[in-house]
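*Asks:*
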Amino acid sequence: DAMVIQNPRYQVTQFGKPVTLSCSQTLNHNVMYWYQQKSSQAPKLLFHYYDKDFNNEADTPDNFQSRRPNTSFCFLDIRSPGLGDAAMYLCATSIPGAGGEKLFFGSGTQLSVL
Amino acid sequence: AQSVSQHNHHVILSEAASLELGCNYSYGGTVNLFWYVQYPGQHLQLLLKYFSGDPLVKGIKGFEAEFIKSKFSFNLRKPSVQWSDTAEYFCAVPGGTRQLTFGSGTQLTVLP
Chain A
-11 DAMVIQNPRY QVTQFGKPVT LSCSQTLNHN VMYWYQQKSS QAPKLLFHYY DKDFNNEADT
49 PDNFQSRRPN TSFCFLDIRS PGLGDAAMYL CATSIPGAGG EKLFFGSGTQ LSVL
Chain B
1373 AQSVSQHNHH VILSEAASLE LGCNYSYGGT VNLFWYVQYP GQHLQLLLKY FSGDPLVKGI
1433 KGFEAEFIKS KFSFNLRKPS VQWSDTAEYF CAVPGGTRQL TFGSGTQLTV LP
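Note that the protein sequences, when read in sequence, are chains A and B.
Okay, so the first sequence: first residue is -11 according to the numbering used here, each after it adds one.
Okay, so the second sequence: first residue is 1373 according to the numbering used here, each after it adds one.
(1) Could you give the DSSP three-state label for residue 15(A): helix, strand or coil?
(2) Going by DSSP, what residue range makes up the beta strand (DSSP E) through residue 1460(B)?
(3) Can you check whether the CB of residue 1427(B) is closer than 8 angstroms to the CB of residue 1390(B)?
(4) What's the gap between the Cα of residue 1392(B) and the Cα of residue 1480(B)?
(5) Kindly confirm or deny that the stretch 1375 to 1383 of chain B and the stretch 34 to 53 of chain A touch, where touching means at least three C-beta pairs closer than 8 angstroms.
(6) Using a C-beta to C-beta distance shorter than 7 angstroms, which residues of chain A count as neighbours of residue 1415(B)?
(7) Leaving out the 5 sequence neighbours to the left and right, which residues in its chain are closer than 8 angstroms to residue 1383(B) when beta-carbon positions are compared?
(8) According to the neighbour-count rule (16 or more other Cβ atoms, all chains shown, within 10 Å of its Cβ), is residue 73(A) buried or exposed?
(9) From what residue to what residue does the beta strand (DSSP E) around residue 38(A) run?
(10) Quick one: what does DSSP say residue 1456(B) is sitting in, helix, strand or coil?
(11) Could you work out which residues of chain B lie near residue 19(A), taking near to mean beta carbons separated by less than 8 angstroms?
(12) By the DSSP assignment, the beta strand (DSSP E) with residue 83(A) in it spans what residues?
(13) What is the residue span of the beta strand (DSSP E) that residue 1391(B) lies within?
(14) Below 8 angstroms between beta carbons: does that hold for residue 17(A) and residue 97(A)?
(15) DSSP three-state call for residue 1433(B): helix, strand or coil?
(16) Give me whichever residues DSSP pairs with residue 1315(B) in a beta bridge.
(17) Closer than 8 angstroms between beta carbons: that is the criterion. Which residues of the stretch -11 to 20 of chain A meet it against chain B?
(18) Which term fits residue 1464(B), buried or exposed, when burial requires 16 or more other beta carbons within 10 angstroms of its beta carbon?
(19) Should residue 1476(B) be flagged as near chain A, meaning a C-beta pair shorter than 8 angstroms?
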């Protein structure tokens, strides 16, 4: 009954080689997020989509891009991965509501950069 | 924007011990507060949330949290932990439009 699905679970890429991480949802939620979580740190928001509106965090490096071709799918593209980009990447969805957000998370993709 | 701090990075308890994990938030206006849990190898999931009303909030699996406005705190508690509670626990607040800002997390290890 997975509702937010991330593939693959583990991804290995080479330094400087572009990589794409995938996320799909069966919840029909308006909002989709990409978070980066490094070991022993808080998940850090990279960007989010409200429907087709893209919202980039001010400190998200230009190396990170995202695409949302439709409601169900969202992709994270890392154009030239560096060693510092090795992390867990979490996709999440939500429905905007009054008083805060409840996020539904995928299981994440663990990215290794060699 | 609001922020949260979690002071305990790693807590180790024996089964049946009582648990309290600290969370302090930075902003004194209208506050919405969340605790998320991440079990080993699983996705982050909502444990409980506070929007308004009764400051003592009950969540899943016997967890509760108390919102104390005067202390800017929203500590997570459980009277008797189990081995299956081993996980990482994150406190969170809305960090902007449609966003959550997470604390740095507390790794709880429960020894059988």
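Where a beta carbon is used, it is the ideal one built from N, C-alpha and C, also for glycine.
*Replies:* According to the structure data:
(1) Three-state DSSP puts residue 15(A) in coil, outside helix and strand.
(2) Run containing residue 1460(B): 1459 to 1468, per the beta strand (DSSP E) assignment.
(3) Taking 8 angstroms as the Cβ cut-off, residue 1390(B) and residue 1427(B) do not qualify as a contacting pair.
(4) Cα to Cα, residue 1392(B) sits roughly 10 angstroms from residue 1480(B).
(5) Touching, no, given that fewer than three Cβ pairs across the two stretches are closer than 8 angstroms.
(6) Near residue 1415(B) (Cβ distances below 7 angstroms), the residues of chain A are 93, 94, 95, 96.
(7) Its chain contains 1391, 1393, 1478, 1479, 1480, 1481 as the residues whose beta carbon lies nearer than 8 angstroms to that of residue 1383(B), once the 5 sequence neighbours on both sides are disregarded; these appear in chain order.
(8) Using a 10 angstroms sphere on the CB of residue 73(A), the tally of other CB atoms reaches 16 or more, which defines it as buried.
(9) Residue 38(A) -> beta strand (DSSP E) spans 32 to 38.
(10) In the structure shown, residue 1456(B) sits in a helix (DSSP, three-state: H, G or I).
(11) Contact annotation for residue 19(A) against chain B: 1470 [CB-CB distance below 8 angstroms, chain order].
(12) Looking at the DSSP string, residue 83(A) is not in any beta strand (DSSP E), and its letter there is neither H nor E.
(13) It spans 1391 to 1393 - the beta strand (DSSP E) in which residue 1391(B) sits, taken as one unbroken run.
(14) No, the Cβ-Cβ distance between residue 17(A) and residue 97(A) is not below 8 angstroms.
(15) Residue state, collapsed to three classes: helix.
(16) With chain B represented from 1373 up to 1484, any question about residue 1315(B) goes unanswered, as that position is not in the structure.
(17) Within the stretch -11 to 20 of chain A, the residues whose Cβ lies closer than 8 angstroms to any Cβ of chain B are, in chain order, -8, 19.
(18) Classified as buried, residue 1464(B) has 16 or more neighbouring CB atoms from the shown chains inside 10 Å of its CB.
(19) The beta carbon of residue 1476(B) sits closer than 8 angstroms to some beta carbon of chain A.
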